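Under this note's numbering, the letters of the sequence shown match residues 496 to 667, in that order.
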Amino acid sequence: RQRAVKLLHSVAEGDKKVIERLMKIANDTDGKFGHASSPEGRQFAVKAIAAIAGVGNEVVCDMMVDLIDDDERLVRQACAEGLQRVTAPDDLDTVAMLLEIRDRPDKEWEQRGELVKEIKTSVTGVLQRLAVHWVPAEIRHKGVEGLMEFMRKAYQEELDCRRQDELEEGVE
């Protein structure tokens, strides 16, 4: 049993190192890694990270949220697909970041042209998948905007609970 635990630990540690290396490649827009830094290489890195990381890895979720509005279409697509795999339904912080991206005014995106619709569509797809897990059935029929509004309120309630918990811990 001890051997198995040690082996699992070393595999997990190995995965962590691989993910760290792949994240450097995924974020490299300067070409430091040669061909690996090409749009195709960065796309592959994002897909590999999603395959290795599993659900609920906050560092990976944050990276993919950052890259979902990358200049390269292939990277954006890989991030949208990756977020579908790695975001846990109860990861309200990632949900909040995705809502913020989705809610940005179009003026902020105008210099990028057509990317706006594609990014918002990708983000909305991730949010809709997550919403299925915790949005009541009676709200699901209200369409995308109804889902988004419910998720905003749920996140605000979560923030309020966290603040209350912090206040109570401070009193103790």
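The C-beta atom is built at its ideal place from N, Cα and C for all residues, glycine as well. All figures in this text were calculated on a predicted structure; none of them were measured in a lab.
Given residue i as reference, the closest of the options once Cα atoms are compared
i	options	result
residue 540	577, 618, 557	577
residue 512	530, 548, 542, 537	548
residue 561	624, 521, 657, 529	521
residue 619	597, 645, 518	597
residue 550	625, 662, 661	625
residue 554	526, 586, 567, 639	586
residue 563	613, 516, 644, 515	613
residue 617	647, 664, 565	565
Proximal residues to residue i (C-beta, below 7 Å), its chain only, five neighbours per side dropped
i	result
residue 552	581
residue 526	532
residue 615	597
residue 653	587
Chain B within 9 Å of residue i, Cβ atoms only
i	result
residue 583	The chain inventory of the structure shown lacks chain B, comprising one protein chain alone.
8 Å Cβ shell around residue i - same chain, five flanking residues per side excluded
i	result
residue 542	573, 576, 577
residue 557	589, 592
residue 569	534, 535, 537, 538
residue 523	531, 532, 537
residue 571	562, 563, 564, 565, 610, 613, 614, 617
Proximal residues to residue i (C-beta, below 6 Å), its chain only, five neighbours per side dropped
i	result
residue 628	584
residue 545	577, 580, 581
residue 528	520
residue 649	none
residue 559	574, 577, 578
residue 641	634
Start-end ranges of the alpha helix (DSSP H) lying completely within the stretch 543 to 621, minimum 4 residues: 553 to 562, 568 to 581, 587 to 598, 601 to 604
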